[in-house]
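Q: Protein chains in written order, with our numbering: chain G, 364 to 650; chain V, 342 to 640; chain R, -8 to 405.
Note that the Cβ used here is the ideal one computed from N, Cα and C, for glycine as well.
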Amino acid sequence: MVANRSFNLGRLFIYGCLFAFALFYLAPLYVMLTTSFKDIEEIRSGNLLALPQDPTLYAWIKAWSSACTGSECQGLAPFFMNSVKVVVPAVILSTVIGALNGYVLSKWRFRGSDLMFGMLLFGCFIPFQVILLPMARLLAELGLANTVTGLVLVHVIYGVAFTTLFFRNFYVSVPTELVKAAQLDGASFFQIFRHIFLPVSLPIFTVTIIWQFTQIWNDFLFGVVYSGPGTQPITVALNNLVNTSMGGKEYNVDMAAAVIAALPTLLVYIFAGKYFVRGLTAGAVKG
Amino acid sequence: MSVSKAKKPMTLESLLPKIVLAPTTAVMLVCMYGFMIWTGALSFTKSRMLPQWDFVGFDQYAKLFANPRWDVALNNLVVFGVLFIAVSLLLGLFLAILLDQKIRLEGTLRTIYLYPMAVSFVVTGTAWKWILNPGLGLEKLVRDLGFENFEFRWLVEQDMAIYTIVIAAVWQSSGFVMAMFLAGLRGVDDSLIKAAEIDGASKMKAYWYVILPILRPVFFSAIVILSHIAIKSFDLVQALTGGGPGYASDLPANFMYTYAFNRAQMGVGASSAMIMLMGVLAIIVPYLYSELRGGKNGR
Amino acid sequence: MIKRTLAACVAAATLSTAAQAADVEVLHYWTSGGEAKSVAYLKEKLTEAGVGWKDFAVAGGGGENAMTVLKSRAVSGNPPTAAQIKGPSIQEWGELGFLSDIDSVAKANNWDALLPGVVSDVMKHDGKYVAAPVNVHRVNWLWANPELFQKAGATIPTTWDDFLVQAKKIQDAGYIALAHGGQAWQDATVFEAVVLGVGGPEYYQKAFVELDSDALNSATTEEVFRVFGEIRGLVDENSPGRDWNVATSMVINGEAAMQIMGDWAKGEFTVAGKTPGVDYACVAAPGTSGSFTFNVDSFAFFAQSDADAQKAQQEMAKQILGQDFQKVFNLNKGSIPARLGMARDEFDSCAHASMDAFVSSSQTGGLVPSFAHGMAVPEAVSGAIYDTATNFFNSDQSAADGKAQLIASIQAAM
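#1: Run the CB neighbour count on phenylalanine 383 of chain R, radius 10 Å, all protein chains shown included, and call it buried at 16 or more, exposed below.
#2: Applying the criterion that 16 or more other CB atoms from any shown protein chain within 10 Å of the CB defines a buried residue, is glutamate 504 of chain G buried or exposed?
#3: Any idea which residues DSSP pairs valine 185 of chain R with across the strands?
#4: In chain order, what residues of the same chain lie with their CB nearer than 7 Å to the CB of lysine 454 of chain V, ignoring the 5 residues before and after it?
#5: Where does the unbroken beta strand (DSSP E) through phenylalanine 292 of chain R begin, and where does it stop?
#6: Would you mind reading off the limits of the alpha helix (DSSP H) that contains asparagine 131 of chain R?
#7: Measuring CB atoms only, is the segment 402 to 412 of chain G touching the segment 456 to 464 of chain V, in the sense that at least three cross pairs come out at less than 8 Å?
#8: Smallest Cα separation from lysine 77 of chain R: which of R:Trp102, R:Gly190, R:Leu87, R:Gly53?
#9: Report buried or exposed for aspartate 163 of chain R, applying the criterion of at least 16 other Cβ atoms within 10 angstroms of its Cβ.
#10: Residue range of the alpha helix (DSSP H) that tryptophan 574 of chain G falls in?
#11: Please confirm whether phenylalanine 385 of chain V has its beta-carbon closer than 8 Å to some beta-carbon of chain G.
#12: Only counting the same chain, and skipping five residues up and downstream in sequence, which positions put a Cβ closer than 6 Å to that of proline 328 of chain R?
#13: How would you write the range of the beta strand (DSSP E) that proline 328 of chain R sits in, first residue to last?
#14: Less than 8 Å between the CB atoms is what I'm expecting for isoleucine 623 of chain G and alanine 426 of chain G, so what's the real figure, rounded?
#15: Is it a yes or a no for the segment 119 to 131 of chain R touching the segment 335 to 349 of chain R, going by three-plus beta-carbon pairs under 8 Å?
#16: Sorted by chain position, which residues of the same chain lie with C-beta nearer than 6 Å to alanine 625 of chain G's C-beta, five sequence neighbours on each side aside?
#17: Would a C-beta distance cut-off of 8 Å place glycine 313 of chain R and threonine 582 of chain V closer than the cut-off?
#18: For asparagine 244 of chain R, which three-state DSSP category applies?
#19: Could you tell me how far apart the beta carbons of leucine 90 of chain R and alanine 294 of chain R are, in whole angstroms, since I believe they sit closer than 8 Å?
#20: Does any residue of chain R have a CB that is nearer than 8 Å to the CB of arginine 500 of chain G?
#21: Residues in the segment 583 to 606 of chain G with C-beta within 9 Å of chain V's C-beta atoms, listed in sequence order?
#22: Pull up the DSSP beta-bridge partners for alanine 74 of chain R, would you.
#23: Listed from N- to C-terminal order along the chain, which residues in the segment 444 to 476 of chain V have their beta-carbon within a distance smaller than 9 Å of any beta-carbon of chain R?
#24: Given a threshold of 16 other Cβ atoms within 10 Å of its Cβ, counted over all protein chains shown, does threonine 449 of chain V qualify as buried or as exposed?
#25: Name the chain G residues whose beta carbon is nearer than 9 Å to that of threonine 146 of chain R?
#26: In the segment 317 to 400 of chain R, which residue ranges form an unbroken alpha helix (DSSP H) of at least 4 residues, counting only runs that do not cross its ends?
#27: Compute the Euclidean distance between the alpha carbons of valine 226 of chain R and serine 631 of chain V, then round it to the nearest angstrom.
#28: Establish whether the CB of leucine 408 of chain R and some CB of chain V are separated by less than 8 Å.
#29: Would you check if the distance between the CB atom of serine 400 of chain R and the CB atom of threonine 381 of chain R is smaller than 8 Å?
#30: With a 10 Å radius around its C-beta and 16 neighbouring C-beta atoms as the bar for buried, classify valine 451 of chain G as buried or exposed.
#31: Is glutamine 174 of chain R close to chain V? Criterion is C-beta to C-beta, closer than 8 Å.
#32: Out of G:Ile567, G:Ala619, G:Tyr393, which has the shortest C-alpha to C-alpha gap to phenylalanine 525 of chain G?
#33: Which residue wins for smallest C-alpha separation from methionine 501 of chain V, given the options R:Gly325, R:Ala395, R:Gly393, R:Ser386?
#34: Please check if any C-beta of chain G sits within less than 8 Å of the C-beta of lysine 62 of chain R.
#35: Run through the DSSP bridge pairs and tell me what histidine 116 of chain R is partnered with.
#36: Assign aspartate 336 of chain R to buried or exposed, taking buried as 16 or more other Cβ atoms, counted over all protein chains shown, within 10 Å of its Cβ.
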């Protein structure tokens, strides 16, 4: 009886905490969503947390198709595809390269490979603002200045450190005996990768792809510096739309635009979040 | 132990691992270390608007450390870094342990904790600005409820603004830490807890003495990722306080960006970047070294 | 018949591609409201003239992000055709050899006669035009809500001493005296008005344009900081981080009595349907009625190797100084045209006051460049002034310490 009551109190405490923190995490999203459905008058006069009295899609339509982002006023729509064109190749390339690197660093270690891994980890800490100018120079030498290819390349270069880290930590947990046995059977480097490692890699691919997708989709700094006119990613357009320097700030449009720009990554987390944690469980978190 | 140590003749096959790693190594040497050296060289020049190669010794470093704003930024990084990493770890672990108690709605709650990681701060900055603004957000709300003396005005107070940055940063990253710990807990054999409980240990003790030590590698990964985020925090400040009030909530990354690109003092900007890197070197490298070594021996 | 139409079409097509030979790629940070419309109008004008427009807009922080992009592109040897740069920065880019000479357009269109001397000086490097001005902003404006003044029994101040007295009256009546947004550039804007009002244009010119150390070391500087320090208590506690247009709306809504802000604030009043002289007053900031702090937006032209690109660039320069563009742009933005001798009937009374002050102050020596808006001193120095002003305003530093800090940080930035 006593134990039962304390059990219930305990459960109550657990649920209480979980829901309280859920409110904390949800608050900004809630504010953004409700604001995006209000009209500007209601935003000025009303309560920040109140539900919209008279929900309207005006802000969403404007943000998508007619808000100004420069001398063009076509909303975020044209920039959406620009982002996709950068994100898809950059995610695929950095993931594949990371997988191969991780495979080597975990199972084919050679003199200096650990040093290389350590250096790669430390290299991640270089602040991205530092590399802007030398990278611009390098891209120009390669003839890739302000092109989509150049931007993809930059994302791949600075993403590979993370993807390598993920795959290396995952593949470490694959028993080395399996590799040895396969080697004795005459399997080659790539055959072992293909037949032993790839089949178990789904969770880590999920984690890496989600991570990379989020990072690259949300990137502003590289996108603004290395894109060209007409290929600017959606974050740059969002920044232009939100940074009003004069004349009637439309907070509802800002918020709708912000949610639109975040939608792909939000959806990925909502629908693939389960696999994300599973992927992490399967070994990505091991040091 | 590594497979390739088996004695074999030098063939293309045996070189493959090195060939696979070669492009990444080359790119890393150029685009990370090459650019670091480039920045280091730049910090000894009198570069202003664009890089120029007239060397002036340590002048830029002297200027940097005479600058009161840099002092503020460095102090802020220490306060921010320590609090952000500590709170994210604790909160992440706490939520993970709670979620691991066979909770209904676990999937939904997990997604709620995790989604901030998916959204760039360019996006959520405005919402946070509103919530933390005393005239619009939380303070006004609670006062409207009848608590006239309620105060929550860190955003506009010079001494406290940096803590609002901590709040927002924790909000953004702790969910990810939670996911890592949750994953770690799921990897722990349930029977371990049961065994500990049978031995008469309370649940709390079981976690403290049995589970946490197992989660050591998770702590490692989380600390690396969090410190990485802390050092690079830039958007947060830009979007939430703009460094204000005054420059009270400036962080080194913001300082560096401003001086290098908007103040035509690229030399000062470069020297501040070098100081940041050295700070990382001093803190992270010993940690990486010991953890990677330790991991190897244990395996 | 069909053949002939086809031939005509082909001819037309080749003709238009000949005219469309080159595009201009324009880097700017005008992305919203009236500004975006104004840029779109320039684009339209150029399209009519057969020049294509590639837009490269990067907003944020008064062009901070745009400058980062510009520097990266310059380093990669791939600068845009034209970029929105102003003030002494034009000279810095010219010094580094990046700018292209558009003197032939200027000569052909007689820019030397059209532009006031202070403006054309900024547009030239080594005596040759390298940039074209689009407007002249007056920064030293005080925007006031007359109704609040009436309620509080106060009068609109004309000196800083009077300002402090009247502001107290307004506060006692239960209103916010000064609507202000606590961002570094806004702090600097108020600071600049205090410098000009307390020290006068001669001191302003010596201390904050020529950076003369005697002037900076004088007692006037300390007096400036004293007055600036008094203003701390006249703004509301929630001001840090507030956008300037939110502060303007506080004046419009009758929450606050005054705001010190450049003439772009007028746009907010107009949008709210207010009439100048009736619903709101635009007067010179205290103690600055004979003076004019100017802020000129301009496009600088970057060297192009391609002859067609050069031609397109010159067409753009010509259009910017055209009467049409100058009128439309400045009506949208609240500023006044950079070129002289334009019809003024479509402009409102505040703009008229601005135009008059521009002409009269240029004769009395009261026409000074705005340091808070990057017109007076190089970026490094104006940044140092920003830091000092914003830190002083947000702390309880003494006037003497503020002065010492100012001198030290300006020296460090030189």
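A: On the basis of the coordinates in this document:
#1: Burial call: buried.
#2: By the 10 Å Cβ count, glutamate 504 of chain G comes out exposed.
#3: Listed as beta-bridge partners of valine 185 of chain R by DSSP are no residues whatsoever.
#4: A quick correction: the sequence has tyrosine, not lysine, at residue 454 of chain V. Answer for tyrosine 454 of chain V: Leu436, Gly516, Met519, listed in chain order.
#5: Looking at the DSSP string, the run of the beta strand (DSSP E) that includes phenylalanine 292 of chain R is 289 to 292.
#6: Element bounds for asparagine 131 of chain R: n/a, residue is neither H nor E.
#7: Cβ pair count under 8 Å is below three, so no.
#8: Cα-wise, what sits closest to lysine 77 of chain R is R:Gly53.
#9: Exposed, by the Cβ-count rule.
#10: Here the alpha helix (DSSP H) through tryptophan 574 of chain G covers 565 to 581.
#11: Nearest CB-CB separation between phenylalanine 385 of chain V and chain G: not below the 8 Å threshold.
#12: Cβ neighbours of proline 328 of chain R beyond the five flanking positions: Gln317, Asn321.
#13: Element bounds for proline 328 of chain R: n/a, residue is neither H nor E.
#14: With a Cβ gap of about 6 Å, isoleucine 623 of chain G and alanine 426 of chain G count as contacting.
#15: Three or more beta-carbon pairs drawn from the segment 119 to 131 of chain R and the segment 335 to 349 of chain R are found closer than 8 Å, and the two stretches are therefore classed as touching.
#16: Here the set comprises nothing.
#17: Cβ distance not < 8 Å, so glycine 313 of chain R and threonine 582 of chain V don't count as in contact.
#18: Looking at asparagine 244 of chain R - three-state DSSP - the assignment turns out to be coil, as it is neither helix nor strand.
#19: The Cβ separation is near 6 Å, so the contact holds.
#20: Interface residue, yes.
#21: Within the segment 583 to 606 of chain G, Phe583, Leu584, Thr598, Leu601, Asn602, Val605 place their CB atoms closer than 9 Å to a CB of chain V, listed in sequence order.
#22: DSSP output for alanine 74 of chain R lists R:Leu18, R:Ala291 as bridge partner(s).
#23: Within the segment 444 to 476 of chain V, the residues whose Cβ lies closer than 9 Å to some Cβ of chain R are Lys470, Asn474, Pro475, Gly476, listed in chain order.
#24: That one is exposed.
#25: Correct list: empty, because the minimum Cβ distance to chain G is about 30 Å.
#26: The qualifying runs are 340 to 355, 370 to 384.
#27: Each residue's CA atom was taken as its position, placing valine 226 of chain R and serine 631 of chain V some 54 Å apart.
#28: Nothing can be reported for residue 408 of chain R, as the shown portion of chain R is limited to -8 through 405.
#29: Cβ distance not < 8 Å, so serine 400 of chain R and threonine 381 of chain R don't count as in contact.
#30: The residue in question, valine 451 of chain G, is exposed, as its Cβ has fewer than 16 Cβ neighbours within 10 Å.
#31: It does; some Cβ of chain V falls within 8 Å.
#32: For phenylalanine 525 of chain G, the closest alpha carbon among the candidates G:Ile567, G:Ala619, G:Tyr393 is that of G:Ile567.
#33: Closest option to methionine 501 of chain V, Cα to Cα, is R:Ser386.
#34: Look at lysine 62 of chain R: its C-beta is under 8 Å from a C-beta on chain G.
#35: In the DSSP output, where bridge partners are listed per residue, histidine 116 of chain R has R:Lys119.
#36: Exposed is the call here.
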